[in-house]
Amino acid sequence: MDQHHDVPKIHAAHIDAVTGQATTGHEWDGIRELNTPLPRWWLGIFYATIIWSFGYWIVYPAWPLLTDATRGVFGYATRSDITVQMNELKAQRAALAAGMADATPAQIKADPTLFQIAMAQGKAAFGDNCAACHGVGGAGGKGYPNLNDDDWLWGGSLDAIMQTLRHGVRVAGHDETRVSQMPAFGRDGMLKRDEINAVANHVRELAGLSTEPKANLALGRKLFADNCAACHGPAAKGNQEMGAPNLTDAISLYGMDVASLTETITNSRGGVMPAWGGRLDETTLKALTVYVHSLGGGQ
Amino acid sequence: MSTAEADPDDIPLFAASRKVYPQSVSGPYRRAKWLILFLCLGIYYLLPFLRWDRGPHLPNQAVLADLANNRFYFFFIEIWPQEVYYFTGLLIMAAFALFLMNAVAGRVWCGYLCPQTVWTDLFLAVERFFEGDRRERMRRDEAPWTIDKLWRKSAKHAVWLVIAWWTGGAWVLYFADAPTLVRELATFTAPISAYVWIAILTFTTYSLAGIMREQVCKFMCPWPRIQAALTDDEALNVTYRYDRGEPRVSVKQAQKLKAQGAPAGDCIDCHQCVAVCPVGIDIREGAQLDCIQCGLCIDACDTVMTKIDRPKRLIAYDTEINVKRRMAGKPPVYRPLRTRTLIYAALILVVGGAMIWQLATRRTADISVLHERAPLFVTLSDGSIRNAYAVRLLNKRPEVRPFALTVDGLPGIRIDAVGVAPTADLRPVVAVDPDSSREVRVLVTVPAGVPLEASQPITITASDLFAGETVHATDHFMARGGKP
Ligand code: SF4
Ligand code: SF4
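Quick mapping for you: the protein sequence lines, in order, are chains A and B. Residue numbering for the first sequence follows the working numbering, beginning at 1 and increasing consecutively. Residue numbering for the second sequence follows the working numbering, beginning at 300 and increasing consecutively.
What follows is the structure, encoded as structure tokens:
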């Protein structure tokens, strides 16, 4: 092999002795790169793709302008494609949608096809509208009921759920809304601090939880009977008509520790949920009802 | 060695391909190629019409890729999308089979079985039928256009297009009920995608097998490069036995030389081996990447050797080692059973065996369980803990099957399915439609008082009430550790 390690001369190519092929003039450790011409078909396809791309510019929207873009010769746009597809989908689903519109939540629940639709639609609607407070899976949080359990403030039947959904809870200026108000015993001066502590401890006693050693349980019992039993019931089992929670079960919305109970009794609580009737259409309300009912605690 | 100087600007941007005019040839390798061609194309074109009774509701086409319903049927085998590992297995086996073929006989796949070779062979036969053999074709291509040339060329392209179109047509038949689709295609009521696919495959078949031919093997196909790295000295390759052939001299010259006691090879430099080569190479230059191992040059040279009354197989499937051994006066050795080939064969058997075992023990039901994450667990009013799961049941049989769900793993553990009525023994029974799957939301509850860790394993079992087949899935039951 030749020993040319100098810079290749301009306009002079080295010819590889074995193949008789010109090289590119690049050399690495004595290895030279053959300058093999491309096959003609290859080059042909390359040029064809370039020409083809002009077609794209003309046929499709391609060039961005200041406020718009070129429209292409057929005015094609993916947006109009989507509109067409959405309309097709709506037409396809019309029969099922009509079925949903005509059925009551109970009928939907009994019909496997409608139930499936309601679950899908309900899940989507729940994610859009309810998840902000109740969590994606309806797990809730402090002050926001967990919809997966079997404890209901206002009732867990399909009808009760639909009613709550439609009219909301404590929506100001809404006649049919769920409403009840626990007095703020402390703030309004109905009970004193030590009385509140006695009631709080008695409530824990009712729920089977430990009480503070210094607590005056007898006082608590009396105060509860006088002030609380009207709504929560003498055994503190709650009343769904009034949205009064059962204080004896294992679930609590605001906490069952003495501090939380003291806060509740002193200042009262009262969560608010929007009225979804009017905001969501009837079918969506039904789907949501069935979905929430199916989360785990439906009665 | 000399260094020639040339103006780089003179190097053309492209090289026009030299047209190859393979001459017809006859012999055992050619016959083998015809046989394989008829077998392969026969299977390809006719297989979609083969029926296979699978009972009602299921297609009765023996081989069908039912994309719309996500099923693949291959005779008695039915594959669901979650069983694509069968295809993975097939691909792995195909790869090993290629390696094995390569270790035994080089690029033999390319010469006999590759679709590109098979269709090119068929297209060449058509070309020969209309335009004659090598010399005639070359002469006609040189000559000016005449009516005769025009009709021959047009007829050739017309037949090529028909074959190409039929090839594309057969392809789409694998994706729908073949007789129905044929009727739809004929009445122009078939789905548009069918026509598009036929058009695409017509175009590719026509251009690859008719126009590009050996260019595909030389420039487009990655396999020659891979096989060049895989092959070894002991693989049988189409080899010009230069130990016997060189020096090349004419028959007369050979007689003269031999009379003088000078060496004379068996090759008479007649170029027959070059004329028949479909990739247009000279095998006497040694083993090369472009050779597709079709063996046609062997047939050609054997014809010549028979004519001049010399022993056959001057070109033969042979190894480079043996050529050297013969030159050194040693006997040739063939070792088809080598570590490499044995390992490949063993791997093929292992993968194939695993697939057959998997197929033989294939279940007709399946269960998969997904724990719901929001919330991970729920405390109920009586203090019991509940977890929710999405349970998907698969029924691969052609009838409705009722599956009873049970759960094990913790004392007092109970299972409910949302929207499903339980039987008397409190097992929810989920009916799954034929050949489909159904997802149910399942609630698993553990009563208050059972000591629970943050997470403990449970098993959910689905049992077919009639057939008795049971499938299990294990998952975790979540709870807050200890007392609240
Ligand atoms: S050299 Fe021989 S075996 Fe190789 S492609 Fe040509 S004819 Fe076929
Ligand atoms: S066909 Fe045989 S004899 Fe003729 S050139 Fe080729 S190798 Fe030599």
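C-beta atoms are modelled at their ideal positions from N, C-alpha and C, and glycine is treated no differently. In this text, all values refer to a predicted model and were calculated from it rather than measured experimentally.
Residue 466/B is not a Cβ neighbour of residue 419/B, given a cutoff of 8 Å.
Residue 232/A sits in a helix when the DSSP states are folded into three classes. Taking a cut-off of 8 Å on C-beta distances, the segment 506-514 of chain B touches the segment 406-420 of chain B, as three or more cross pairs fall below it. Per DSSP, residue 241/A lies in no beta strand (DSSP E) segment and is marked neither H nor E.
The C-beta of residue 52/A comes no closer than 8 Å to any C-beta of chain B. Remark: three or more beta-carbon pairs, one from each stretch, lie closer than 8 Å, so the segment 726-739 of chain B and the segment 687-694 of chain B are flagged as touching.
With a threshold of 16 other beta carbon atoms within 10 Å, residue 244/A meets it and is buried. Where residue 766/B is concerned, there is no enclosing alpha helix (DSSP H), because DSSP gives it neither an H nor an E.
Checking the 7 Å criterion, the Cβ of residue 553/B is out of range of every heavy atom belonging to ligand 2. The criterion of a C-beta distance shorter than 8 Å is satisfied by residue 236/A and residue 203/A. Neighbours of residue 511/B in chain A, taken as residues at a C-beta separation under 9 Å, are given in chain order as 41. Look at residue 556/B: its beta carbon is at least 7 Å from all of the heavy atoms in ligand 2. Boundaries of the beta strand (DSSP E) harbouring residue 23/A: 23-28, taken from the DSSP string. Contact between the segment 397-414 of chain B and the segment 431-438 of chain B is not established, with fewer than three Cβ pairs separated by less than 8 Å. Look at residue 742/B: its C-beta is under 8 Å from a C-beta on chain A. The Cβ neighbour count for residue 287/A, taken over all protein chains shown within 10 Å, is at least 16; the residue is labelled buried. Contact holds between the segment 283-297 of chain A and the segment 114-134 of chain A, because three or more Cβ pairs, one in each stretch, are under 8 Å apart. As DSSP reads the structure, residue 759/B sits in a beta bridge with 706/B, 772/B. In the structure shown, residue 717/B adopts coil according to DSSP, grouped into three states. With respect to chain B, the C-beta atom of residue 128/A has no partner C-beta closer than 8 Å. In this structure, the straight-line span from the alpha carbon of residue 702/B to that of residue 482/B is close to 41 Å. It is roughly 24 Å from the alpha-carbon of residue 598/B to the alpha-carbon of residue 626/B. For residue 440/B, there are no neighbours in chain A by C-beta distance under 7 Å, as the nearest C-beta there is about 17 Å away.
For residue 582/B, the distance from the CB to the nearest heavy atom of ligand 1 is below 7 Å. Between residue 410/B and residue 596/B, the C-beta gap is not smaller than 8 Å, which leaves the two residues out of contact. Checking the 7 Å criterion, the Cβ of residue 460/B is out of range of every heavy atom belonging to ligand 1. Look at residue 316/B: its C-beta is under 8 Å from a C-beta on chain A. Residue pairing from DSSP leaves residue 155/A without any beta-bridge partner. With a cutoff of 7 Å, residue 585/B does not count as near ligand 2, since its C-beta is closer than that to no heavy atom of the ligand.
In the structure shown, residue 357/B adopts coil according to DSSP, grouped into three states. For residue 686/B, the enclosing beta strand (DSSP E) stretches over residues 684-694. For residue 698/B, there is no enclosing alpha helix (DSSP H), as DSSP marks it with neither H nor E. For residue 161/A, the CB contacts under 7 Å within the same chain, skipping 5 residues up- and downstream, are 289, 292, 293 in chain order. Counted as a single uninterrupted DSSP element, the beta strand (DSSP E) harbouring residue 373/B occupies residues 370-373. Nearest C-alpha to residue 473/B among 774/B, 720/B, 348/B, 322/B: 348/B. For the set 221/A, 299/A, 273/A, the Cα lying nearest the Cα of residue 171/A is the one of 273/A.
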